[in-house]
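Note that the protein sequences, when read in sequence, are chains A and B. So the first sequence is numbered by our numbering: it starts at -13 and just counts up by one. So the second sequence is numbered by our numbering: it starts at 7 and just counts up by one. Beta carbons: idealized from backbone N, C-alpha and C, even for Gly. Because the structure is a prediction, the values reported are computed rather than measured. Structure first, commentary second.
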Amino acid sequence: MWAACRALFAAIMADRAAALLLFAAPLIYAGFYPSAYTGEVAVRAPVVVVDQDRSAASRNLVISVGAVQQTAIAASLPDVAHAESWMADGRAVAALVIPEGFGEDIARGEPGTVVLIGHGAYLLRASGALAGIGIALGQTGREAAREQARAAGPPAPPALALQSRPLFNTREGYGAAVFPGVAFVIIHQSLLLGLALLAGTARERMGRDMRLTRRQLAGIALAASLIGLLDVGWFVGMVFWWHDYPRAAAPLLDVAIAAILFVAATVAAALALASIFPTRERPLQLVLPISLPLFFLAGLSWPAEATPTVLVALARLFPTTSGLELMVGMNQMGGSLRDYWHDALNLGLLTLLFGIFATRRWTSGLEVERGG
Amino acid sequence: MTRPATFRASIAREWRFLVRNPWDMALLTWLPLLLCGAIAWQFSGGVIRDLPVLLIDQDNSAIGRDLAIRIEAAPGLTLAGRVPDLGTAETIIRAKQAQAALLVPPDTARRALQGQAPVILYFNASYPAAAAAVQREAGAIVEAANARLAAERIAAIAAPDSVRPPPVHAVTSIAWNAPASQELQLVSLLHPALLHLLFMLAVVSAFGRELRDGSIGEWTPGIAALAGKSMPYLAVFMGWGLLATFWLAGVRGWHFVGSFSLFVTGYAAMYLAYLGVAVLLTGATRTLSQSLSITGLYAGASFAFAGAIFPLEQASAFARVWASALPYTHFARLLVRTWIAEGSTMAVAGPLLAMLGIALVTVVPGVILYLRAARDPGSWGRR
């Protein structure tokens, strides 16, 4: 077993492509991927303004919109058609239209109406911009209320005021919400691709019906698990800290057990998959493109509540689904194993399922499937 | 052989290979279907519904009961239960049994008479899509509750004139995507994100395989043969692009606002650009496994860098340069300006020219390097 364990490390060091996938990829992606999200929170979204009122009140509003952090005024335009064409060209993600009579309505004690248009193709950026305009409207509203109060007496504020407070990811950063999940897809794919590439290469050299003893298979699984645990340690201990992503103080023992379960299920799945491909390059061709669906199926960027039930169940066949939920829950939300016992159980069952499959394939010496 | 004959012979040769090799054919057939199908299926609900929300009613008043009914009635939310305090709620949210908790503090009913009584929404910010939906829905619920309470307060204590609507009123609409559907936004972009990666993997495999297996020796390609070899891939993946577009625009009803023909031209330009990069990679590395690994790095993370969801202007300088070197970034811009809205000629021409530019600057050195490798038996058979 130890010999097989050492042999795997030797094989990785002797194979540049395998070393790239198993050792270099987690290092490269740790710097590469988060660089897309360094801004974290969307600020200064380009907004166009159509001021058809040209009153003191409307000018005040435009100045406030220019001053809030979320928005930047890209242009002042004469009419709505111009505003729409600016948005259609991708030069603005939202528009503020102040119709004629806005200032007069406020002066009369009636509500002044403005029209906000968000870009339907940039929902996140548009909602950030609209929230920014909302803050500016609040400021203008307070000034307008003072104006109105002189004529009609102070108004009564609305009965309830909603305050929103984020739990766990308190910075509400975009990268901070996405990358702590993506990291585990990266670990999963690195192990899957690296091990399958090595297996394909070995099978090319030693014949398609090469077989291993159970001990040898266990040794390879142990070596691969060590690499996987190093990856988890690297991302959770170093990369998340370096990018200052939210980290919660989950019980260390629970995190360790969770990491072992995720890595075990991933290694078992990788060994099972590696038993199918008889050529070195085949896994790269077929397994690389599944990363994106794996990430979305894990439910971080699209809630499971809004995913068809059958698909939610099928997604549980991949270690990433339960792994992401478990690791994000512990690292970002500070949960314990007890909170995620079903994810832990899921990973345990996957380890068993893929483990049995891999053992049968690798130790029976069955002819592998046709291909080449 | 004449050039057209070489071209046709090369198409036939490639097709024969694909028919005999089911795993290579998989990249063109069931794998795109499976992956694009999974994405289409996952988002087929369109908008987020029935997110579980907890109510922490520490006031035990009519306001809490009213909010509970409104949570249950909101299409996006469902009442997951009532809990006594935030600690309990946090435990339940942590276990993902609920996405948020609405806290009605003690004394809310009395403070509401004076106005601005705080009601606090705690949401799980680690799950951003659900968090955004919960915040939107909760805002609407409190606004509706306020409208009702205003009427009650006029009856109770306040002078009739003092309860006025807020001085500034905003009418909000989402252009071209009135229900603010994530299906349109995400699926329209995720399908080409998958397809260009699959396309590039298939083309890199096709060209790299000839060098790996040394079969390039008997093939002895020229430019016409290279073009012929690319044709089955361009044709099949254009087909997948059209099918994915038909799913959203035809079946799901997200019709084209701008020009369909320019959008299809854009698809072709994107594939041509990735074809150029694929030939360049294969010609430069002369090793299939390396070319495939680099393809994963180059085309595998396009979705994150394209600026479609998170604005590129705020990303690092490296990310901005990297993004503009990806044909997909330009395609995502073109998609918004042809499908979702109708951009001006200039706004559409920009991304189209950028993709064709990438195609040109990669395919010329790519073909030179690849043909050089084809004449150098020493560079064949690398793994």
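Which residues in chain E sit within 9 Å of residue i, going by Cβ to Cβ distance?
{"i": "G98/A", "result": "Of the protein chains in the structure, A and B, none is chain E."}
In the structure shown, what three-state DSSP assignment does residue i receive?
{"i": "S150/A", "result": "strand"}
{"i": "F(-5)/A", "result": "helix"}
{"i": "Y280/B", "result": "helix"}
{"i": "G294/A", "result": "Looking at the sequence shown, residue 294/A is not Gly but Pro. Coil, per DSSP."}
{"i": "E355/A", "result": "Its pLDDT being 43, under 50, E355/A is placed unreliably by the model, and nothing is read from it."}
{"i": "Q318/A", "result": "coil"}
{"i": "H261/B", "result": "coil"}
{"i": "S287/A", "result": "coil"}
{"i": "A107/A", "result": "coil"}
{"i": "D1/A", "result": "coil"}
{"i": "T187/A", "result": "helix"}
{"i": "L34/B", "result": "coil"}
{"i": "G161/A", "result": "helix"}
{"i": "S350/B", "result": "coil"}
{"i": "T349/A", "result": "helix"}
{"i": "T265/A", "result": "coil"}
{"i": "T12/B", "result": "helix"}
{"i": "W392/B", "result": "Coverage of chain B is limited to positions 7 through 389, which leaves residue 392/B absent and any answer about it impossible."}
{"i": "T24/A", "result": "coil"}
{"i": "P144/A", "result": "coil"}
{"i": "S194/B", "result": "helix"}
{"i": "S308/A", "result": "helix"}
{"i": "A331/B", "result": "coil"}
{"i": "T199/A", "result": "coil"}
{"i": "F303/A", "result": "Position check: residue 303/A holds Leu in this sequence, whereas Phe was assumed. Three-state result, L303/A: coil."}
Taking DSSP's pairing of strands, which residues face residue i in a bridge?
{"i": "V177/B", "result": "V101/A"}
{"i": "N130/B", "result": "L153/A"}
{"i": "L32/A", "result": "A small fix is needed here, since residue 32/A is Pro in this sequence, not Leu. Per DSSP, A58/A."}
{"i": "D37/A", "result": "I84/A"}
(request) Taking 8 Å as the threshold, find out whether the segment 213 to 223 of chain B comes into contact with the segment 267 to 274 of chain B through three or more Cβ pairs. (result) no
(message) Quick check on the DSSP output: what are the complete alpha helix (DSSP H) runs of length 4 or more inside the segment 63 to 103 of chain A, in order along the chain?
(response) 66 to 74, 88 to 93
(message) Using a Cβ-Cβ cutoff of 9 Å, what residues of the segment 104 to 122 of chain A are near chain B? List them in chain order.
(response) G104, H105, G106, A107, Y108, L109, L110, R111, A112, S113, G114, L116, I119, G120
(message) Counting only Cβ-Cβ distances shorter than 7 Å, please list the residues of the segment 306 to 325 of chain B near chain A, keeping chain order.
(response) G306, A307, F309, A310, F311, I315, F316, P317, Q320, A321, S322, F324, A325
(request) Give, in chain order, every unbroken run of the beta strand (DSSP E) that is at least 3 residues long and sits entirely within the segment 42 to 128 of chain B. (result) 57 to 63, 83 to 88, 106 to 110
(request) Give a yes or no on contact between the segment 76 to 92 of chain A and the segment 34 to 43 of chain A, applying the rule of three or more CB pairs nearer than 8 Å. (result) yes
(request) Output, in sequence order along the chain, the residues in the segment 232 to 244 of chain B whose CB is closer than 9 Å to any CB in chain A. (result) none
(message) Which runs of the alpha helix (DSSP H) at least 4 residues long sit entirely within the segment 285 to 324 of chain B? Give them in chain order.
(response) 294 to 306, 308 to 311
(request) Name, going along the chain, the residues of the segment 322 to 343 of chain A whose beta-carbon falls closer than 8 Å to a beta-carbon of chain B. (result) D325, Y326
(message) When you compare the segment 54 to 67 of chain B with the segment 111 to 130 of chain B, are there three or more beta-carbon pairs, one atom per stretch, that lie closer than 8 Å?
(response) yes
(message) Report the start-end ranges of each alpha helix (DSSP H) in the segment 220 to 261 of chain A that is 4 residues or longer and not cut off at the edges.
(response) 238 to 260
(request) Name, going along the chain, the residues of the segment 38 to 49 of chain B whose beta-carbon falls closer than 8 Å to a beta-carbon of chain A. (result) L41, A44, I45, W47, Q48, F49
(request) Could you name the residues of the segment 207 to 231 of chain B whose beta carbon sits closer than 9 Å to any beta carbon of chain A, in the order they occur along the chain? (result) L207, A208, V210, S211, G214, R215, R218
(message) To test your reading of the DSSP string, which unbroken alpha helix (DSSP H) runs of 4 or more residues are found completely within the segment 199 to 257 of chain B?
(response) 222 to 225, 229 to 251
(request) Decide yes or no for the touch test of the segment 244 to 261 of chain A against the segment 179 to 196 of chain A: beta carbon pairs closer than 8 Å, at least 3 of them. (result) yes
(request) Take every Cβ of the segment 47 to 62 of chain A, pair it with every Cβ of the segment 320 to 336 of chain B, and state whether three or more of those distances are shorter than 8 Å. (result) no
(request) Decide yes or no for the touch test of the segment 184 to 194 of chain B against the segment 268 to 279 of chain A: beta carbon pairs closer than 8 Å, at least 3 of them. (result) no
(message) Quick check: the segment 110 to 128 of chain A against the segment 355 to 371 of chain B, are at least 3 beta-carbon pairs closer than 8 Å?
(response) no
(request) Taking a Cβ distance cut-off of 7 Å, strictly less, list which residues of the segment 41 to 72 of chain A are near chain B, in chain order. (result) E70, S71
(request) Kindly confirm or deny that the segment 307 to 316 of chain A and the segment 326 to 334 of chain A touch, where touching means at least three C-beta pairs closer than 8 Å. (result) yes
(message) At a CB distance below 7 Å, what residues from the segment 79 to 96 of chain B approach chain A? Give them in sequence order.
(response) E96
(message) Within 8 Å, do at least three Cβ pairs link the segment 48 to 64 of chain B to the segment 231 to 244 of chain B?
(response) no
(request) Could you tell me whether the segment 220 to 234 of chain A touches the segment 273 to 288 of chain A, where touching means 3 or more Cβ pairs closer than 8 Å? (result) no
(message) Is it the case that the segment 200 to 217 of chain B contacts the segment 298 to 314 of chain B, given that we only count it when at least three CB pairs across the two stretches are under 8 Å?
(response) yes
(request) Could you say if the segment 178 to 186 of chain B and the segment 237 to 254 of chain B meet the contact criterion of at least three C-beta pairs nearer than 8 Å? (result) no
(message) With three or more beta-carbon pairs closer than 8 Å as the criterion, would you say the segment 231 to 244 of chain A touches the segment 15 to 23 of chain B?
(response) no
(request) Using a Cβ-Cβ cut-off of less than 7 Å, list which residues of the segment 340 to 368 of chain B approach chain A; keep chain order. (result) V342, R343, I346, A347, E348, G349, S350, A353
(message) To be precise: take each residue of the segment 240 to 272 of chain A, compare its Cβ to all Cβ atoms of chain B, and keep it if any distance is under 7 Å. Which residues remain?
(response) R266, E267, R268, L270, Q271, L272
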